[in-house]
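Residue numbers (this note's numbering), protein chains in the order written: chain A, 1 to 202; chain B, 1001 to 1202. Note that CB positions come from ideal geometry on N, CA and C, so glycine has one too. Working notes, beginning with the structure itself.
2 protein chains.
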Amino acid sequence: MGVRKAKAAETRTALLDAARRLFAERGYLNTKITDITKEAGRATGSFYEHFTSKDELLQALLQGMEDRADELVDTAVHPREHDLTDRAQLRQHLAVSWTVFREHAPVVSALFQAMIAAEPGSGRAWNDLVGETGILKQHLEYSAEQGKALPGDPELVAAAIGAMLAMLGYAVNSARGREFDDDAVIDTLTDLLHSGLAGPRD
Amino acid sequence: MGVRKAKAAETRTALLDAARRLFAERGYLNTKITDITKEAGRATGSFYEHFTSKDELLQALLQGMEDRADELVDTAVHPREHDLTDRAQLRQHLAVSWTVFREHAPVVSALFQAMIAAEPGSGRAWNDLVGETGILKQHLEYSAEQGKALPGDPELVAAAIGAMLAMLGYAVNSARGREFDDDAVIDTLTDLLHSGLAGPRD
DNA sequence: GTCTATACAACGATAGAC
DNA sequence: GTCTATCGTTGTATAGAC
């Protein structure tokens, strides 16, 4: 890679880093393009040499997050035949989601804000929620086929679980003056969703 | 009340109605003050005679919603001694929340959007969530005192349930081309939270 | 109280020099 | 590719006539 391109890549990275930093502080919606260039120490015009909009930059951040090929989310080895009525398997799924949220908080929170800010009439909130919980839905359908009695429609149950994770993750992430033990949270959610409020707890 | 005041009240009401309508269509964040006055058929300047900001108008809408003194939420007769591990009592609580969300969707959704748009650093998301689930928390604490085994810290469990309701309600509310049977949703959530995914279902 | 008109700030986006 | 400078739009808020 030539020096020219290296410089460009440097600026691009600087913009991405600055954006991530600001998204964490002020949130995606409250961060303006001019804020990002300023934070990155670049001129306003330079932004458009790398991205056409704030949303595209967000997609780039998301891409970079996925590119890290988290060992956690090994989609290759993720058969439909998972049984979420099994406590260990349920916990594993919740742990992955929760960990991703915690480790990539700026990006995930930004995506969450972008989703909420969309026009209600667009149906984006529901579509995104269903899309991101597709895996859960499949597992639940599988369990249902095995004769397990579920609380209701797999799509709805999956969406409900996804909603809990997303909103709680966002809230916990914004909490100040309050410490959270991630393992304890995951255990709590696991117990709540596995056996419910009245289920057996030993 | 004089004619003068009546006219003023009329404008105020027109603004509130217009706002509610637009909040439902485009969402709170995408609705501008000028949009509201335009929709209400009033001049921009008139807005500030009644409200100092869009947020204050939202508070007024919220107030009006509470003023209807929903028979549903009879806080007067709402002792701490409710047992959410009892299926019927749990369902009752979920039904109330869900119904309020569905019947006052424009206002509740707007509040949700305002909460999410706040700076993450403000901690508003967590504070609001904890505040709105205070009742649940008290019920859970009571159950714990009665020797029931809960999934975890009452505040966290209450927040998790509140998160699920808020986000799912928002998403369902935005869904297009998808019909929801409110009773079915409430039943599903009740079963999920009462007995969990693996709990007994007859 | 309501209107018209307008000041003012913020922000996105582009042009042109280097 | 990056910069400075600037245009144009949008939206908040106020001034002053009626």
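Taking 8 Å as the cut-off, the Cβ atoms of residue 1158(B) and residue 168(A) do not count as close. Restricting attention to 150(A), 196(A), 98(A) and 132(A), the CA atom closest to the CA of residue 184(A) is found in 98(A). Shown here, residue 1028(B) sits in coil according to DSSP, grouped into three states, outside any helix or strand.
Here the alpha carbon of residue 1174(B) sits roughly 10 Å from the alpha carbon of residue 1027(B).
Along the length of the stretch 75-122 of chain A, whole alpha helix (DSSP H) runs at least 4 residues long occupy 87-103 and 105-117, reported in chain order. If you draw a straight line from the Cα of residue 17(A) to the Cα of residue 117(A), it comes to about 23 Å. Considering only 146(A), 79(A), 107(A) and 109(A), the residue with the shortest C-alpha distance to residue 134(A) is 79(A). Between residue 1108(B) and residue 1020(B), the C-beta spacing is not below 8 Å.
Taking a 10 Å sphere around the C-beta of residue 1122(B), we find fewer than 16 other C-beta atoms and assign the residue as exposed. Comparing alpha-carbon positions, the option among 1012(B), 1090(B) and 1031(B) lying closest to residue 1143(B) turns out to be 1090(B). Secondary structure note for residue 1154(B): its alpha helix (DSSP H) is the uninterrupted segment 1154-1174. Between the alpha carbons of residue 94(A) and residue 104(A) lies a gap of roughly 16 Å. Going by C-alpha positions, residue 1100(B) is about 16 Å away from residue 1058(B). Taking CB atoms only, residue 157(A) has a neighbour in chain B less than 8 Å away.
Assigned with DSSP and collapsed to three states, residue 1052(B) falls in coil, not helix or strand. In the three-state reduction of the DSSP assignment, residue 1146(B) falls in the coil class. Chain order gives the chain B residues near residue 170(A) as 1116 and 1125, where near means a beta carbon separation below 8 Å. Closest in C-alpha terms to residue 1053(B), from the list 1195(B), 1037(B) and 1191(B), comes 1037(B). Between the alpha carbons of residue 1034(B) and residue 22(A) lies a gap of roughly 29 Å.
In the three-state DSSP reduction, residue 1133(B) falls in the coil class, being neither helix nor strand.
Counting the other Cβ atoms within 10 Å of the Cβ of residue 1067(B) gives fewer than 16, which makes it exposed. In terms of beta-carbon proximity, residue 53(A) stays away from the interface with chain B, with every pair separated by 8 Å or more.
Among the CB atoms of chain A, one or more fall inside 8 Å of the CB of residue 1191(B). The Cβ-Cβ distance between residue 1199(B) and residue 46(A) does not fall below 8 Å. Using a Cβ-Cβ cut-off of 8 Å, residue 1154(B) does not count as an interface residue toward chain A, since no Cβ of chain A sits closer than that to its own. Nearest C-alpha to residue 1181(B) among 153(A), 112(A) and 126(A): 153(A). Under the three-state reduction of DSSP output, residue 1197(B) falls in the coil class, being neither helix nor strand. Beta-carbon to beta-carbon, residue 15(A) and residue 113(A) are separated by about 19 Å, too far to satisfy the 8 Å threshold. Chain order gives no chain B residues near residue 99(A), where near means a beta carbon separation below 8 Å; the closest approach is about 17 Å. Just measuring C-alpha positions, the residue of 1190(B), 1162(B) and 1171(B) sitting nearest residue 128(A) is 1171(B).
Within the same chain, 1115 and 1118 come within 7 Å of residue 1124(B) by CB-CB distance, once the 5 residues on both sides are set aside. Per DSSP, reduced to three states, the secondary structure at residue 1181(B) is coil, with no helix or strand assignment. Taking C-alpha positions only, residue 1178(B) is separated from residue 141(A) by approximately 19 Å. Around the Cβ of residue 1147(B), a 10 Å sphere holds fewer than 16 other Cβ atoms; the residue is exposed.
For residue 82(A), not one C-beta of chain B is nearer than 8 Å to its own C-beta.
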